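Undergrad:
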Amino acid sequence: MTGQRTSPKVVLGTMTFGLENTVAQTSTVRIRGINNIKPFLDTFHKYGHTELDTARIYCGGDTETALGLMDTAAFKVATKVWPSAPKSHGSELLRKTFFQSLSALKAEKVDIFYLHAPDYTTPFEETVKAVDDLYREGRFERFGLSNFAAWQVTLIYQLCKQNGYVLPSVYQGMYNPIVRDIEPELLPCLKKFNIAFYAFNPLAGGLLSGKHNFSQPEAEAGGRFDTSSNPGKMYRDRYWNTLYFEAITSLTKVTHEHQLTLVEATLRWMSHHSGLSAQDGIIIGVSSIHHLEQNLIDLDKGPLSKEVVEAFDAAWEHVKVACPRYFKDEAAARAVFQAVETK
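For the sequence shown, the working numbering assigns the number 39 to the initial residue and increments by one for each residue that follows.
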């Protein structure tokens, strides 16, 4: 691609990367071992992209360990600390967990440090002070939030500004043509505070690949909707309902009429017709080199026709009543604690 980029940046999600011996029951591992991961990083870099996204919780920490065993000097790495237990974002435990990430990554610092979701057991005042301490030690470049409600973003921003702390400048959240819960209140909030938005689940966990069938009794073993793993159960609860599959059926018909795959149409919608701009990002997951390359090519293509955009709008209207919320409330946080305890 030549010239100044006007569409969102592309970020490589690493949630499916693990070690050879990563246990699948509590993870989303699909690509095992550094020899199998390296071609994905090389391909991503070949297309001119340099941002990697990971998290301490991914594959029980094995994703960060795998990345730490590789040469990632050409990349900017972002990581996140999930509130896996009470007081996870307290000053002591947040610092401990973040340094576990740095140790696993074999890094002195990262590009973005995210609070992965709200910790309802710790005052935000304590959390943002701990984050600022790490920033002043030179441990990260940008402060990020993920899965926070707009009012929480506003509160954290104001707390940081009042105290002279590092301001949040990136937000990572769920967004795609059929999951637009962020648009009414979160996106305006982020724009007001000049906070970039990085979208995960651009293909709705693979639902927008069009390869799934609501009537199928079993999901693909090891796939995103495999209920034998905790993440698979979460994705099944998030997307597996009749409204979404009805929307997928309608979208598939329209995209085929325009000689498009549903994946290509979705990624082009994300690049050109969503609420995202050049400072924002689209996080793509990977399962094969072929899919990675095709996704990168599709993201670089131009806008869609009016008819296809209208079909996406109609699909959104059809499913919006069942749309998952973009933030994690206190009940969701308690459910996470319980899931962690049962691992």
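Every residue gets a Cβ at the ideal spot worked out from N, C-alpha and C, and that includes glycine. Keep in mind that this is a model prediction, so the values were computed, not measured.
Would you mind giving the Cβ-Cβ distance between T159 and P124, rounded to the nearest angstrom? I have them listed as a contact below 8 Å.
TA: Indeed they touch by this definition, with Cβ atoms about 4 Å apart.
Undergrad: Output yes or no for whether 8 Å exceeds the beta carbon distance between W354 and I220.
TA: No. Outside cutoff.
Undergrad: Taking the straight line between their C-alpha atoms, what separation do you get for M308 and L314?
TA: Computed Cα separation, rounded: 7 Å.
Undergrad: Counting only C-beta atoms, is L305 closer than 8 Å to chain D at any point?
TA: Among the chains in the structure shown there is no chain D, since it carries only a single protein chain.
Undergrad: Alpha carbons only, please: which of A360, F82, T92 is nearest the one belonging to I327?
TA: The residue with the shortest Cα to Cα distance from I327 is F82.
Undergrad: For the putative contact between T60 and D100, defined by C-beta atoms under 8 Å, what is the C-beta separation to the nearest angstrom?
TA: At roughly 4 Å, the Cβ-Cβ gap stays under 8 Å, so T60 and D100 are in contact.
Undergrad: Could you pull the DSSP bridge partners for L183 from this structure?
TA: Per DSSP, L153, Y209.
Undergrad: Indicate whether the contact test is met: 3 or more Cβ pairs, each with one atom in the segment 199 to 215 and one in the segment 233 to 253, closer than 8 Å.
TA: Touching, per the Cβ criterion.
Undergrad: Using the C-alpha atoms, what's the distance from K291 back to V148?
TA: Straight-line Cα distance between these residues: approximately 43 Å.
Undergrad: Go to D91, then tell me how far its beta strand (DSSP E) extends in each direction, as first and last residue.
TA: Start and end: 89 to 91.
Undergrad: Given a threshold of 16 other Cβ atoms within 10 Å of its Cβ, counted over all protein chains shown, does M39 qualify as buried or as exposed?
TA: With a pLDDT of only 39 at M39, under 50, the local geometry of the prediction cannot be trusted, and the value read off the model is given with reservation. It counts as exposed.
Undergrad: Pairing CB atoms from the segment 280 to 288 with CB atoms from the segment 225 to 236, are three or more of them under 8 Å?
TA: As far as the Cβ criterion goes, the segment 280 to 288 does not touch the segment 225 to 236, which means the pair count is below three.
Undergrad: How big is the Cα-Cα spacing for K84 and Q200?
TA: One C-alpha to the other measures close to 43 Å.
Undergrad: With distances taken between CB atoms, is the gap from G106 to A142 smaller than 8 Å?
TA: Closer than 8 Å, so yes.
Undergrad: Compare the C-alpha of Y364 against each of A155, I320, G319 and name the closest.
TA: Selected option, being the one with the closest Cα: A155.
Undergrad: Residue range of the alpha helix (DSSP H) that A234 falls in?
TA: No alpha helix (DSSP H) contains A234, which is instead part of the beta strand (DSSP E) from 234 to 238.
Undergrad: Check whether the segment 166 to 173 and the segment 192 to 211 are in contact - that is, three or more C-beta pairs closer than 8 Å.
TA: Contact between the segment 166 to 173 and the segment 192 to 211 is present, because at least three Cβ pairs lie under 8 Å.
Undergrad: Let me know the secondary structure DSSP gives K84 once reduced to three states.
TA: Three-state DSSP puts K84 in a helix.
Undergrad: If you drop the 5 nearest sequence neighbours on each side, which residues of the same chain put their C-beta closer than 7 Å to that of E348?
TA: Same-chain partners within the cutoff: there are none.
Undergrad: Residue ranges of each beta strand (DSSP E) run of no fewer than 3 residues wholly in the segment 105 to 144, ordered along the chain?
TA: Complete beta strand (DSSP E) runs here, min 3: 114 to 119.
Undergrad: With a threshold of 8 Å on Cβ separation, who are the neighbours of E163 within its own chain once the five nearest residues in sequence on each side are excluded?
TA: Contacts found: L197.
Undergrad: Look at the alpha carbon of L131 and the alpha carbon of S325, and state the distance between them as a whole number of angstroms.
TA: Each residue's Cα considered, the two are about 33 Å apart.
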